Amino acid sequence: MKLFGLIDCNNFYVSCERAFQPRLEGKPTLVLSNNDGCVIARSNEVKELGVKMGAPFFKIKQFCTQEGIEVFSSNYALYADMSSRVMTIIRQFEPFVEVYSIDEAFISFESEHPEALEEYFIRLRDIVLQSTGIPISIGVSTSKTLAKVTNHVAKKERESGVCILTQEGAIESILERFPVGDIWGVGRRFSERLQALGVKTALDLKNSVRLREQFGVVMARTIEELKGVPCQALEKAAPKKSIVCSRSFGERVSVLSALEEAVCLYASQACEKLRAQDSVASCIHVFLEASAFTADKQYSGGVTYPLPQATSDTRVIISAAKSIIKRLYHSGVPYKKAGVMLMEIGKNSVTQGDLFLENTSEATSELMQTIDGINARWGRSTLYFGAQGGPSGREWKMKSDSKSRNFTSAWDDLPEAS
DNA sequence: TCTGGGGTCCTAGGACCC
DNA sequence: TCTGGGGTCCTAGGACCC
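Residues 60 to 477, numbered by this note's numbering, are exactly what the first sequence covers, in order.
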């Protein structure tokens, strides 16, 4: 029988911090979003203290001090590296893996005796924990949606961290007490509407009919998946169709030159991502957001700009971004956020050339490859474009007051044993 | 003072084509 | 009295995910 599994890292960002700072073990620990804005990861101790996901940090700061909660700014260099270590081990156990997010992966396989697999997955769990320090939970069932449900059960109720359910009866007894809003694909809006119709649990949803007209095809698929009819296969990693780089500023920014620096930095980072997936973009969108405290919304907005030729050349994109930002900018407005989006992305190899432009793509790609290579070898921002401003002295840079070291990705930050 | 960042898919309606 | 049928593409908005 065809089965799906979901492997999920427990409290992932907190677990990454703990892996290199054992003193955090057993202590309430949380990780903040970019700009130290809100809570995006909580240890179990923090959850027990009642701190909610997404809680604005400024509102709970005092509470954190009172309760002795350990607070960290997000450290994506660390989390991304730990994630790839975990995924590498998973691939050694299972050939078919879909990396679904930084801390989750689906697997898919055939098995006639699923219950006998428990020991196998417990061993996977043990090896991941031993090799990386990251605890994981594993849920297995007959569709992706049910794998999500069993993963939930594994995390909350199973000492082993593994839950395998394939029998209809056993699945139903779980669905019966599973809130409809916790189902994968049922968000807050749908949850409210479903409950108003008396659909309160996953079992209610599984047994409901005629929801298709009101809730669309996505919900229809979810219902089928709850019945154990898989409607979603494992997906291969596909190149991104759009790439966004944007940040809120640590402080409000009103100076054009600073906005230009920020936008050029985001443009350059977006180009790096673009080249990493061997693509080119034909369109760029740049946006500015004014602080909510300036009454006028008119100063927030963006402009989309077609590029003369599909490209991944940072110089071309930066120059387009600069000309857009000049159009968007209003003197004296306090801006809180800016961003760059690359769109109409296609494969580098099948680009349409321009009859009237000089073909410089070969020289461009060599230059860009060289820059990317140097930065990969010697660290991000070893080489950068002048328009971005230097790595130091960016008065607009985001708030990140409590970041841990880059334990696994910077030579100077390697942990020391004493 | 003060609430992140990065994505995908679906649908409805309008413009336009033959 | 009274104006077809079928299709594509684009956009905006809504919903969801982590």
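Backbone N, C-alpha and C fix where the C-beta goes; we use that ideal spot for every residue, glycine too. None of the values given here were measured: they were computed from a predicted structure.
Just list the alpha helix (DSSP H) runs in the region 95-170, keeping only unbroken ones of 4 residues or longer that don't cross its boundaries, in chain order. Runs of alpha helix (DSSP H) with 4 or more residues, each lying fully within the region 95-170, are found at 103-107, 116-126, 135-152, listed in chain order.
query: If you run the structure through DSSP and keep just helix, strand and coil, what is residue 337?
result: Shown here, residue 337 sits in coil according to DSSP, grouped into three states, outside any helix or strand.
Please report the residue range of the beta strand (DSSP E) in which residue 311 lies. Residue 311: member of the beta strand (DSSP E) spanning 302-312, first to last residue.
Pick out whichever of 190, 199, 122 has its Cα sitting closest to the Cα of residue 61.
-> Considering only alpha carbons, the answer is 199.
Inset, instruction - Please determine, among 177, 171, 178, 197, the residue with the shortest C-alpha to C-alpha distance to residue 164. - result: The shortest Cα separation from residue 164 among 177, 171, 178, 197 belongs to 197.
| DSSP state of residue 204, grouped into three classes? | DSSP places residue 204 in helix when its eight states are reduced to three.
inquiry  = Under DSSP, the beta strand (DSSP E) around residue 258 begins and ends at which residues?
reply    = Segment: none, residue 258 is in no beta strand (DSSP E) and carries neither H nor E.
Opening and closing residue of the beta strand (DSSP E) in which residue 62 lies:
Run containing residue 62: 61-68, per the beta strand (DSSP E) assignment.
**Q.** C-beta atoms of residue 342 and residue 377 nearer than 7 Å
**A.** In this structure, residue 377 does not lie closer than 7 Å to residue 342 by Cβ.
- Does the distance from the CB of residue 91 to the CB of residue 116 come in under 7 Å? Closer than 7 Å, so yes.
Open item on the list: Which residue wins for smallest C-alpha separation from residue 454, given the options 321, 405, 426, 445?
Closed with: Per the Cα distances, 321.
Original post:
What do you reckon, are the CB atoms on residue 224 and residue 262 nearer than 7 Å?
Top reply: Their beta carbons are not under 7 Å apart, which means residue 224 does not touch residue 262 by this criterion.
**Item:** Whether residue 68 touches residue 186 by CB criterion (7 Å)
**Value:** Between residue 68 and residue 186, the C-beta gap is not smaller than 7 Å, which leaves the two residues out of contact.
Boundaries of the beta strand (DSSP E) in which residue 368 is found, first to last residue = From DSSP, the beta strand (DSSP E) with residue 368 extends over 360-370.
Contacting residues, own chain, Cβ-Cβ under 6 Å from residue 150 (five flanking each side not counted):
Answer for residue 150: 156, listed in chain order.
* **Residue burial classification, residue 111 (beta-carbon count within 10 angstroms, cutoff 16)** => Flag for residue 111 reads exposed.
Got a sec? Which residues, its chain only, sit under 8 Å from residue 177 by beta carbon, not counting five neighbours each side?
Within the same chain, residue 177 has close Cβ partners 219, 221, 223.
Straight-line Cα distance separating residue 382 from residue 425
Their Cα atoms are separated by approximately 26 Å.
Item to complete: With a 10 Å radius around its C-beta and 16 neighbouring C-beta atoms as the bar for buried, classify residue 203 as buried or exposed.
Response: By the 10 Å Cβ count, residue 203 comes out buried.
#### Entry: Alpha-carbon to alpha-carbon, residue 366 and residue 444
One C-alpha to the other measures close to 20 Å.
_CA-to-CA distance, residue 230 to residue 254, given in whole angstroms_ = If I take the Cα positions, the gap works out to 21 Å.
For this session: May I ask you to report which of helix, strand or coil DSSP gives residue 211?
Result: Residue 211: helix per DSSP, three-state reduction.
### Message
Please report the straight-line C-alpha distance between residue 303 and residue 468, rounded to a whole angstrom.
### Response
Approximately 23 Å between the Cα atoms of the pair.
Confirm, please, whether the CB-CB distance from residue 370 to residue 344 is below 7 Å. Against a cut-off of 7 Å, the Cβ pair of residue 370 and residue 344 comes out as no contact.
**Prompt:** Between the C-alpha atoms of residue 118 and residue 201, what's the straight-line distance to the nearest angstrom?
**Reply:** Distance between the alpha carbons of residue 118 and residue 201 is about 42 Å.
Inset, instruction - Return the residue from the list 391, 396, 407 that minimises the CA-CA distance to residue 372. - result: Here the closest residue by C-alpha is 407.
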